[in-house]
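> First residue of the sequence shown: 61, per this note's numbering; consecutive thereafter. Heads up, the beta-carbon is just placed ideally off N, CA and C, and yes, glycines get one too.
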Amino acid sequence: MDLSNLSPAEGSVHSNNFRRGRGHGSGNGKTAGKGHKGQKARSGAPRIGFEGGQMPLYRRIPKRGFKNRNSLDIAACNISALEVFDNDTVVTIDTLIENGIIKDKKDGVKVLGNGTLTKKLTVQVNAFSESAKNKIEELGGKAEVI
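1) Taking only three categories from DSSP, how would you classify I157?
2) With a cut-off of 8 Å, do at least 3 Cβ pairs link the stretch 116-123 to the stretch 146-164?
3) DSSP three-state label for A92, please.
4) At 4 residues or longer, what runs of the alpha helix (DSSP H) sit wholly inside the stretch 157-204?
5) Pull up the distance between the alpha-carbon of T138 and that of D148, whole angstroms please.
6) Whole angstroms are fine: how far does the CA of A187 sit from the CA of N130?
7) So, are the CB atoms of V185 and V169 less than 7 Å apart?
8) Taking the straight line between their C-alpha atoms, what separation do you get for F145 and A192?
9) Quick one: using the 10 Å Cβ neighbour count with 16 as the cut-off for buried, is K127 buried or exposed?
10) Among G85, I206, A136 and N77, which has the Cα closest to the Cα of I161?
11) Counting only the same chain and skipping the five closest in sequence on each side, list residues whose C-beta sits under 7 Å from that of E197.
12) So for E143, helix, strand or coil by DSSP?
13) Using DSSP with H/G/I as helix, E/B as strand and the rest coil, what is N138?
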């Protein structure tokens, strides 16, 4: 017996689609399951989160920071990390992931110019820093923006 195997006893659970307020014989007549009097028994009961005029919790808690919905999450890799590839290799985002240089491509991949490169490579990613592009092209490689 696991928690994943538990279920209510047969016949003990009723669906919530029965008709309310249709007389005593229905078993749910008169007050239609709302009890007697009180704010919740009447129409126009308060909205969710209303605390009787007290400042609601969602307004009491401080709000901090700002999340720009248009910002991109760019994965960066330095040019020194490209040394693991052989000469004349075509380096793509997939090959960078396969070699563990980046974890995932997120919204794009940018190659930065930190470090040195000694191999001629064709690098195909979303963006390059100016120094990275110069270092790749000095060795006869190509820096292709996809």
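With the structure as the only source:
1) Position 97 of the sequence shown, counted from the start, is the residue given in the question as residue 157. If DSSP states are grouped into helix, strand and coil, I157 belongs with the helices.
2) The answer is no - the stretch 146-164 does not touch the stretch 116-123, with fewer than three Cβ pairs under 8 Å.
3) In the sequence shown, counting from the first residue as 1, residue 92 sits at position 32. Correct three-state label for A92: coil.
4) 190-198
5) Along the sequence shown, read from residue 1 onward, the residue named residue 138 stands at position 78. Along the sequence shown, read from residue 1 onward, the residue named residue 148 stands at position 88. Inspection of the sequence shows that residue 138 is occupied by Asn rather than by Thr. Cα-Cα distance, rounded: 19 Å.
6) Here residue 130 refers to the residue found at position 70 of the sequence shown. Here residue 187 refers to the residue found at position 127 of the sequence shown. The straight-line gap from Cα to Cα measures roughly 18 Å.
7) Position 125 of the sequence shown holds residue 185. Position 109 of the sequence shown holds residue 169. Closer than 7 Å, so yes.
8) In the sequence shown, residue 145 corresponds to position 85, counting from 1. In the sequence shown, residue 192 corresponds to position 132, counting from 1. Looking at the two C-alpha atoms, the distance is approximately 16 Å.
9) Translated into the one-based positions of the sequence shown, residue 127 becomes position 67. Label assigned to K127: exposed.
10) On the sequence shown, position 101 is the one that residue 161 refers to. The shortest Cα separation from I161 among G85, I206, A136 and N77 belongs to A136.
11) As a first step, residue 197 must be located in the sequence shown, where it is residue number 137. Once the five neighbours on either side are set aside, the close Cβ partners of E197 are A203.
12) Mapped onto the sequence shown, residue 143 falls at position 83. If DSSP states are grouped into helix, strand and coil, E143 belongs with the helices.
13) In the sequence shown, the residue the question calls residue 138 occupies position 78. Residue state, collapsed to three classes: strand.
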